Each structure stands twice: as C-alpha cells, then as structure tokens.
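Asks: This is the structure, below, for whatever I ask next.
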Amino acid sequence: MKYSSIPLVVLASLVLFSNGCGMRSIPIAENAVEASSAEIINQYKRRADLVPNLVKTVKGYAKHESETFKVVTEARAKATSMNIDPSKATPEQIQKFQRAQGELSSALGRLLMVSENYPQLKADQSFRDLQAQLEGTENRIAVARNRHIQNIQRFNTLLTTPPESWYNSIFLKKQKMAQWDVDETEKQNIKTVPSVEFGS
3 MKYSSIPLVV
13 LASLVLFSNG
23 CGMRSIPIAE
33 NAVEASSAEI
43 INQYKRRADL
53 VPNLVKTVKG
63 YAKHESETFK
73 VVTEARAKAT
83 SMNIDPSKAT
93 PEQIQKFQRA
103 QGELSSALGR
113 LLMVSENYPQ
123 LKADQSFRDL
133 QAQLEGTENR
143 IAVARNRHIQ
153 NIQRFNTLLT
163 TPPESWYNSI
173 FLKKQKMAQW
183 DVDETEKQNI
193 KTVPSVEFGS
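In terms of the numbering used here, the sequence shown has 60 at position 58, counting the first letter as 1, and numbering is strictly consecutive.
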C-alpha cells in the first residue's frame, strides 16, 4: 500500500507543478487576449455602422459640405476594408489598422464641427441621438483597447517570467504578442475630436 501510493503522489505533484508553470495560466491568458481583441473589432464596427446615418442626417442641413462628406466616407471605407485579428497581427499590421481608425476619428471630428455652423442640425433629434451613440461608442472603444493592452501585457509576462516561461519553452512554444499601443497620430486625433454641445 505504501508503494502503491507513490505514483499518485507523483501524479498529483506533476499536476500542481504544471498548473503553476503555465499549463493553465498561459492558455487562459491567451483566451483573454482573443476575447478582448474581438471586442475592439466589434466596437470599431459599431462606430463604422453609425457613419452612414450620421452623414445622411448632416447632409439634410449642410448640403454644401461635400468635401467633408467625402473625407468621412473615404475614411470609413478604408477603416472597414482592413480585416485583422489584433491578437495575431504583426506590429506593422496593428500600426496600419490603428492609423486607419485614427483617420476615421479625425474625419468624424471634422463632421461634428460642421454642426456648429447649422443650429437647426444641432437641434435635430436624430443628430442628437447619433452623436450620443457615437460618443458612447468612442468611450467603449477606449475601454476595450485598455483591456486588450492589459491582457497582452499579462500574456507576454507569463511567457517571459519563470516558471511559466520554462513550461512554455518546453511544451507550448508560444510567441510574445505584438503590443497594442496608441501612436502619436491617433493620440492627436483623440485629443482633437470635438465635443458637441446641444444646449446652445
């Protein structure tokens, strides 16, 4: 009986060792990255879906702003044409994707500024609703992006910190993920997107 219990002890020790060395923690962290990357794409898509109705509503009051409408439409087309998986993309692909999204942010900011010249547009309920939805979506994008950055950081830390890094180098052989960061262009776009006040 004494000897027969030894394999069970060894097995239990191996299970505990594996759990503590990344057998569970690394896949869990990887799944979290995949989930947060999907959420980012979902929120960007939600924003892009708002653009046609927003442009249509503004056109009803500002027909002479054709250049602005063109810029917004082209920026949306560029942003929606880029299909990437942020959890598997290269740094170059992420940068290109972010730049396209930043250009759409800038174009939308320009579109919202148009409303300042058209009091009737600012008073339009459809425009007010769309602007509120856009603002809420921008906030959700920021939250999703921050969560994704944290998830990637946790995953990469597991791959580079013992004992998880030992387990990974022997069994999983996972590679570090490219970090999702906001470049200077997008930071500037975020800062310059205006907040439209409907009270005046």
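Glycine included, every Cβ here is placed at the ideal spot set by N, Cα and C.
Here the structure is a predicted model, which means the values were calculated and not measured.
For the stretch 106-120 and the stretch 67-77, state whether three or more C-beta atom pairs, one from each stretch, are separated by less than 8 angstroms.
Replies: In short, these stretches touch, since the Cβ pair count reaches three.
Asks: Would you mind reading off the limits of the alpha helix (DSSP H) that contains Glu-32?
Replies: Unbroken alpha helix (DSSP H) run through Glu-32: 27-61.
Asks: At the level of alpha carbons, what is the spacing between Ser-38 and Gly-104?
Replies: Approximately 19 angstroms, taken between the alpha carbons.
Asks: Taking all protein chains shown into account, decide if Val-12 is buried (16 or more other Cβ within 10 angstroms of its Cβ) or exposed.
Replies: Low confidence applies here, because Val-12 scores a pLDDT of 47, under 50, leaving its location unreliable; read the following figure in that light. By the neighbour-count rule (16 or more Cβ atoms within 10 Å), Val-12 is not buried but exposed.
Asks: Whose CA, out of Lys-90, Pro-93, Lys-176, lies closest to the CA of Gly-24?
Replies: When only C-alpha atoms are compared, the closest one is Lys-176.
Asks: Can you give me the start and stop residues for the alpha helix (DSSP H) that Trp-182 sits inside?
Replies: Note, Trp-182: premise wrong, no alpha helix (DSSP H); not H, not E.
Asks: Could you tell me which of Leu-161, His-66, Phe-173 sits nearest to Met-179, measuring between CA atoms?
Replies: Per the Cα distances, Leu-161.
Asks: Near Val-102, what residues of its chain come up, given a Cβ to Cβ distance below 7 angstroms and the 5 sequence neighbours on each side ignored?
Replies: Per the sequence shown, the amino acid found at residue 102 is Ala instead of Val. Answer for Ala-102: Lys-80, Ala-81, Met-84, listed in chain order.
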